[in-house]
């Protein structure tokens, strides 16, 4: 009977030995969940605003060493933040030049033949038509001021109109080229 080391040598294999492998650092799994739950509770009770509550929670997760600063920095989707930051001046320019008011007037002319609830499907359709050509965030940045302008000019609540804009902007899956996922699966079917 052959010995294992000789057989492994003939087969040009290395023997497996027990190795001390590290899979990263041990983390406290309950602390980040507790921090998140506390932030959500404080925001839900209205103690702190949403932006401040979750920013403080993120800082606490880093300060308590639940994640490293490098991990937090790597988790940020920088292209989306840069795009949104670049589109805010476009939205402001559309408002200050009166473009949003003009588009709101055109939509109001279309909706005048319908009852007040007619603004909702019109904004939904406009959002659905615009979002395949723009990013959905850009569509919201452009159509949200229009929805608010419509609501204030007709003395109605802006929430249903803003929901229509949000849902319409989220419908970029309607065409094969509207979203990158659709484009990826268009060929294979």
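In the working numbering, the protein residues as written are 25 to 213. Backbone N, C-alpha and C fix where the C-beta goes; we use that ideal spot for every residue, glycine too.
For residue i and residue j, I'd like the C-alpha separation in whole angstroms.
i           : j           : result
residue 113 : residue 99  : 26 Å
residue 195 : residue 127 : 21 Å
residue 56  : residue 93  : 14 Å
residue 59  : residue 77  : 10 Å
residue 147 : residue 104 : 24 Å
residue 116 : residue 96  : 30 Å
residue 137 : residue 129 : 13 Å
residue 155 : residue 82  : 31 Å
residue 124 : residue 172 : 10 Å
residue 71  : residue 163 : 32 Å
residue 64  : residue 140 : 36 Å
By the three-class DSSP mapping on this structure, what secondary structure does residue i have?
i           : result
residue 157 : coil
residue 142 : helix
residue 137 : coil
residue 62  : helix
residue 198 : coil
residue 91  : coil
residue 70  : coil
residue 180 : coil
Note the first and the last residue of the continuous alpha helix (DSSP H) segment covering residue i.
i           : result
residue 77  : 74–87
residue 109 : 102–120
residue 187 : 183–193
Which one of the options has the shortest CA to CA distance from residue i?
i           : options         : result
residue 161 : 106, 75 and 91  : 106
residue 91  : 120, 53 and 137 : 53
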